[in-house]
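One structure is given below, encoded as structure tokens.
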Amino acid sequence: MSFTAQAQPATDNLNPQFMEIGQQFVQAYYPIFDDALQRPKLEPMYHANAFLTFEDDQRMGRDKIVDKLKNLPFQKVAHALTKIDCQPTTDGGVLINVLGQVKVDDDRPIGFSHVFVLRPQDGTFYIMHEIFRLALHNIPDGS
């Protein structure tokens, strides 16, 4: 069986500054996220109709996302970023994939993957889609 696609993606609106936009976003996002008192300041970064998948919890809408972020079950968090990959989207936005380690409270650091899709609107960028996943592996004994 083969896969054949007829539609061609539109490439007219690719943002040539996608790498700089992605890097600037990441540099702004994580210091705010890592400070529990500052975390509510992430609210204006989210589009009103944004989507979040945080582990197995899905939220739609800025208010529900911010509620999730305000009520995370840890006191201290620190992200160490290993790699930031960015690609332009066909609507002028930016796809960002962040790999790194996160240290929560007094637990050992754990690997994570964090994906964002930034959408341009009114001369700025908003988080439209976000997926956060810890890199936990359950390998059965004897494998």
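The opening residue of the sequence shown carries number 1 in the UniProt record's numbering; numbering runs sequentially from there. For each residue, glycine too, the CB sits at the ideal point set by N, CA and C. Because the structure is a prediction, the values reported are computed rather than measured.
Expressed to the nearest angstrom, what Euclidean distance is found between the alpha-carbon atoms of Ala-135 and Asn-15? C-alpha separation (whole angstroms): 31 Å.
Given that a residue counts as buried once 16 or more other Cβ atoms are within 10 Å of its Cβ, and exposed if not, what is His-114? buried
Buried or exposed: which applies to Met-128, given that a residue is buried once 16 or more other Cβ atoms fall within 10 Å of its Cβ? buried
Should Met-60 go down as buried or exposed, given a rule of 16 or more other Cβ atoms within 10 Å for buried? Classification for Met-60: exposed.
First through last residue of the alpha helix (DSSP H) which encompasses Gly-22: 18-33
Where Ala-80 falls, given that 16 or more other Cβ within 10 Å makes a residue buried: exposed
Ignoring anything shorter than 3 residues or poking outside the UniProt domain "NTF2" (21-134), list the beta strand (DSSP E) runs there in chain order. 46-54, 57-60, 77-88, 94-104, 110-121 and 124-134
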